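Sequential numbering from 1290 applies to the sequence shown in our numbering. Ideal Cβ positions, reconstructed from N, Cα and C, are used throughout, including at glycine. None of these values were measured; they are calculated from a predicted model. What follows is one structure encoded as structure tokens, with my remarks underneath.
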Amino acid sequence: MPAAQDLTSTPSWRALGDHYAKVRDSHLRQLFAQDPQRGTKMTAEGAGLFLDYSKNRIHDDTLGLLVKLADEAGLRGKIDAMFRGDKINITENRAVLHTALRLPRGATIMVDGENVVPQVHAVLDKMGAFCDRVRKGEWKGHTGKRIKNIVNVGIGGSDLGPVMAYEALRHYTDRNMTFRFVSNVDGIDFVEATHDLDPSETLFIISSKTFTTLETMTNAQSARDWLLKGLGGDAKAVAKHFVAVSTNAKKVSEFGIDTANMFEFWDWVGGRYSMDSAIGLSTMLAVGHAGFREMLDGFHTMDEHFRTTPFQKNLPVIMGLLALWYSDFFKSETIAVLPYEQYLKRFPAYLQQLTMESNGKHVTLAGKTVDYLTGAVYWGEPGTNGQHSFYQLIHQGTRLIPCDFLAFNHALTPLGRHHDILIANVLAQAEALAFGKTADEVRKEGTAEALVPHRVFEGNRPSNMIFADRLTPGVLGALVALYEHSVFVQGAIWNIDSFDQWGVELGKALAQKIIPELEAPAEPNLAHDSSTSNLIRRYRAGRR
Ligand code: F6P
């Protein structure tokens, strides 16, 4: 494996650079015309997902060259190291074992001399027993009423996965229960999430890996106050209305939650990789134990696909390599993720943390500044809404925005012709982006000459199409694992630490300094830059 700072001087990188000079001028119109089999050939399948990557700006030999880069960067060894439990998160000296969360009972993964799989299943069993009690109405609130409302309090990885999974799997949820998610330290988030809830029927899940996160602890305290106010102030009520999900038993108990009501996970699960750990407690409450297991099995099937499939047919490898191809050779800045499935409306938001907190890094594992672009900006909205908003820029703007389209054969609740119309749109968008419309075609439609340039679609806009039969818990698991591993592939080649997040620390520390400056009764001595100090003074004056 080359020293990371040498990535751009490896033979495979140089070969890709030469290759790019040829490919950048090829148009997808031409590539499809030259090879009638392209649309069936450039496809791969695994874990219930079908990927058509033929509408990418690649030649027949591009993927092979990218695979050579992966080989030269030691991707095989890095995949094995992750699955084996090596401490590949080197800046935090931690193993990266979200894949252990979905292993079947009886499997073995050793961390620091201990098999972690029995621990994983012990927590899953505890979650299952708890969820059964709540769902059957056996877990009663302080006044003896059945729990009907679940409020997950968490942020980042302790929120985005649970929210996304709840929305994605809503079809399978118990509709007699209400699920809410509070993340923002903006009090409005809490106020709106709870304004119509009866405290006697409400259970809070305080989800925080560290149990120190300012936003979550502030919201958890407000939840405690809200509950006690609503239930007459008896502190004993907390035990019936609060459970915790954390790696930090000490802090959980200091907050006043009995550790018997704590669901554990471990430091080898990164926050943004934790929706299938106990952080998924709200998901299990919503879809039941069996639905959650089905989701874990979907994750595991994709893990096995990733671990064992040759790179040329390996979905996360192909997607990771294509993302790198656009970032590093076409210098594109962003990737749009466009689910044609309303239930996946929060999927792009979930992916933002997964992709950008993981690969938003500017130094290699050895601490050297990289001389290539790393993680792209991921963003998106569900189709067809995006079509009437930002697609204009993707079709006719000046930037190259590779798109991932997600679609399904079946709607979960069919309604008239809606699904065919929806799918016609996703297929049409990918086709329009790739092939566009030439000036001659526009003229042939009788368009006035002055309007011709405005109505030309250059095309050659790349996209992936990911298709599955229907959005089941298993397919959701496979889809999330697909992106987790695609992120891994990119980070492995860039030789960065995809599993730390030091970039969020500075702002957190500064906020802690500013809070007392905003709240101090007497005018504080400010030692910030002139802009920040002025803004603090303005805020204080405005609050007087
Ligand atoms: O944003 C930084 C971060 O540490 C994320 O990585 C994490 O998911 C989130 O904060 C929440 O952390 P915790 O689960 O410890 O409250």
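Can you tell me where the alpha helix (DSSP H) holding residue i begins and where it ends?
| i | result |
| --- | --- |
| Ser1752 | First-last for Ser1752: 1752–1757, but that is the beta strand (DSSP E), not the alpha helix (DSSP H). |
| Tyr1772 | 1762–1783 |
| Ala1800 | 1794–1808 |
| Asp1307 | 1300–1312 |
| Lys1415 | 1406–1425 |
| Ala1717 | 1707–1724 |
| Asn1508 | 1503–1519 |
| Ser1616 | 1604–1617 |
| Leu1352 | 1351–1361 |
| Gln1319 | 1317–1323 |
| Gln1680 | The sequence given here has Tyr at residue 1680, not Gln. Counting along the chain, the alpha helix (DSSP H) containing Tyr1680 begins and ends at 1680–1685. |
| Gly1834 | With the chain represented from 1290 up to 1833, any question about residue 1834 goes unanswered, as that position is not in the structure. |
| Lys1733 | 1728–1733 |
| Tyr1562 | Element bounds for Tyr1562: n/a, residue is neither H nor E. |
| Arg1833 | Unbroken run through Arg1833: none, as it is neither H nor E. |
Whose C-alpha, out of the options, is nearest the C-alpha of residue i?
| i | options | result |
| --- | --- | --- |
| Glu1794 | Gly1763, Leu1503, Leu1640, Thr1663 | Leu1503 |
| Val1659 | Ala1310, Asn1784, Gly1417 | Asn1784 |
| Leu1671 | Ile1439, Gly1519, Glu1630 | It is Pro, not Leu, that sits at residue 1671 in the sequence shown. For Pro1671, the nearest C-alpha among the options comes from Glu1630. |
| Tyr1639 | Lys1311, Phe1339, Gly1669 | Gly1669 |
| Tyr1632 | Val1409, Ala1719, Leu1701, Thr1572 | Leu1701 |
| Ala1770 | Trp1791, Asp1565, Leu1352 | Asp1565 |
| Gly1374 | Asn1404, Val1356, Leu1352, Leu1354 | Asn1404 |
| Lys1482 | Lys1620, Ala1457, Val1452 | Rather than Lys, the amino acid found at residue 1482 in this sequence is Ala. Of the candidates Lys1620, Ala1457, Val1452, the one whose C-alpha sits nearest the C-alpha of Ala1482 is Val1452. |
| Leu1570 | Trp1428, Leu1305, Val1412, Leu1355 | Val1412 |
| Thr1380 | Tyr1828, Trp1791, Lys1797 | Trp1791 |
| Asp1448 | Arg1318, Ala1728, Met1551, Ser1563 | Ser1563 |
| Asp1487 | Arg1318, Gln1641, His1530 | His1530 |
Kindly list the residues whose CB is nearer than 8 Å to the CB of residue i, restricted to its own chain and excluding five residues on each side of it in sequence; keep chain order.
| i | result |
| --- | --- |
| His1316 | Gly1748, Asn1749 |
| Asp1295 | none |
| Lys1726 | Arg1744, Val1745, Phe1746, Gly1748 |
| Thr1462 | Tyr1455, Phe1468, Ala1575, Val1576 |
| Asp1478 | Val1471, Ser1472, Asn1508 |
| Asn1714 | Tyr1629, Gly1672, Thr1673, Gln1676 |
| Glu1490 | Gly1430, Lys1434, Arg1435, Ile1436, Lys1437, Asn1438 |
| Asp1324 | Lys1330, Asp1349 |
| Leu1355 | Leu1305, Leu1610, Leu1611, Leu1613, Trp1614 |
Mind checking which residues open and close the beta strand (DSSP E) that includes residue i?
| i | result |
| --- | --- |
| Thr1598 | First-last for Thr1598: undefined, no H or E at that position. |
| Asn1438 | 1438–1442 |
| Met1551 | 1551–1553 |
| Asp1496 | Note that residue 1496 is Ser in the sequence shown here, rather than Asp. 1491–1496 is the extent of the beta strand (DSSP E) around Ser1496. |
| Gly1335 | 1332–1335 |
| Leu1340 | 1338–1341 |
| Thr1623 | 1623–1628 |
| Ala1533 | 1531–1535 |
| Tyr1667 | 1666–1668 |
| Ala1538 | Ala1538 -> not in any beta strand (DSSP E); alpha helix (DSSP H) instead, spanning 1538–1544. |
| Leu1695 | 1692–1697 |
| Val1471 | 1467–1471 |
Grab me the residues of residue i's own chain with a C-beta within less than 7 Å of its C-beta, minus the 5 sequence neighbours each way, in chain order.
| i | result |
| --- | --- |
| Leu1364 | Val1778, Ala1781, Ile1782 |
| Phe1372 | Thr1388, Arg1596 |
| Ala1509 | Val1442, Ile1495, Phe1544 |
| Ala1293 | A caution first: Ala1293 carries a pLDDT of 43, below 50, which makes its placement in the model unreliable, though a value can still be read off. Answer for Ala1293: Thr1653, Leu1654, Ala1655, Lys1657, Asn1784, listed in chain order. |
| Ile1683 | Ala1625, Ile1690, Cys1692, Leu1722, Arg1750 |
| Ser1822 | Leu1815 |
| Gly1521 | none |
| Val1731 | Val1741, Arg1744, Val1745 |
| Ser1787 | Ser1647, Asn1648, Val1776, Phe1777, Gly1780 |
| Ala1336 | Gly1587, Thr1590, Met1591, His1594, Ala1767 |
| Lys1376 | Asn1382, Arg1383, Ala1384 |
| Ala1526 | His1431, Leu1516, Leu1517, Leu1520 |
| Trp1302 | Leu1296, Leu1358 |
State the CB to CB distance for the pair residue i and residue j, rounded to an integer number of angstroms; the pair is presumed to be in contact (CB under 8 Å).
| i | j | result |
| --- | --- | --- |
| Ala1512 | Val1534 | Not quite, the Cβ-Cβ distance comes to about 14 Å (not below 8 Å), so this is no contact. |
| Lys1518 | Ala1333 | Lys1518 to Ala1333, Cβ: 56 Å. No contact. |
| Leu1604 | Leu1695 | Leu1604 to Leu1695, Cβ: 13 Å. No contact. |
Whose C-beta lies closer than 6 Å to the C-beta of residue i among residues of the same chain, with five residues either side of it excluded?
| i | result |
| --- | --- |
| Phe1500 | Ser1535, Asn1537, Lys1540, Val1541 |
| Ser1343 | Arg1327, Gly1328, Met1331 |
| Arg1759 | Phe1697, His1699 |
| Pro1291 | Residue placement at Pro1291 is poorly supported in this model, since its pLDDT is 45, which falls under 50; the coordinates are not used for a value here. |
| Gly1763 | Glu1583, Asp1586, Gly1587 |
| Met1573 | Met1416, Cys1420, Phe1581 |
| Arg1833 | none |
Do we get a CB-CB distance below 7 Å when we pair residue i with the residues of chain B?
| i | result |
| --- | --- |
| Asn1714 | The structure shown contains no chain B, having only a single protein chain. |
Flag this pair as touching only if the region 1386–1402 and the region 1576–1596 have three or more C-beta atom pairs under 8 Å; answer yes or no. yes
Tell me, please, whether the region 1552–1561 touches the region 1374–1384 by the rule of three or more beta-carbon pairs shorter than 8 Å. yes
State whether the region 1669–1678 contacts the region 1645–1656, with contact taken as three or more CB pairs (one from each stretch) at a distance under 8 Å. no
Would you say the region 1596–1613 touches the region 1394–1414, given that touching needs at least three Cβ pairs under 8 Å? no
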